[in-house]
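Residue numbers (the numbering used here): 1 to 133.
We treat Cβ as the ideally placed atom computed from N, Cα and C, and that holds for glycine.
Okay, structure first, notes after.
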């Protein structure tokens, strides 16, 4: 069996987002025609807008979850225990990342909300059907 390297004892937190939530966010944003920000200034730029008509959105669950918890959920859904090799935090690694979805909620009224356990279970089920496992 493959041994998986788990850095920082799996304590890093990431924003795991179910793919259907990403697709829903993209579809909703497609219907929102962006407008230029007339107050935009290169001296103190807002990175999510511009004087040009465009807008950037983060689409994520906005709830960081420990990697070790993610691994546990995946193990539970697969019915298999991963062989983990715990290693220290890698140089330059960020301990916590997650999406700020405030603009997405404000502009299109959407926030990804599929819980990790449900999203992983749906993905594992899809994978097994698709690959006939």
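- With the rule of 3 Cβ pairs closer than 8 Å, the stretch 31-38 does not count as touching the stretch 91-103.
- Approximately 25 Å separates the beta-carbon atoms of residue 104 and residue 73; this is outside 8 Å, ruling out the contact.
- Here residue 88 is exposed: its Cβ has fewer than 16 other Cβ atoms, across all protein chains shown, within 10 Å.
- No Cβ-Cβ contact shorter than 8 Å links residue 15 with residue 130.
- By alpha-carbon distance to residue 5, the top candidate from 20, 125, 83 is 83.
- Put simply, of 128, 120, 111 the residue whose alpha carbon is nearest the alpha carbon of residue 26 is 111.
- Taking C-beta atoms as the reference points, residue 100 and residue 61 fail to come closer than 8 Å.
- Here DSSP, grouped into helix, strand and coil, assigns residue 86 to strand.
- For residue 73, the enclosing alpha helix (DSSP H) stretches over residues 67-78.
- In this structure, residue 68 lies near residue 10, with their beta-carbon atoms less than 8 Å apart.
- For residue 4, the three-state secondary structure derived from DSSP is strand.
- DSSP lists 66, 96 as the bridge partner or partners of residue 13.
- Here residue 51 carries a coil assignment [DSSP, helix/strand/coil].
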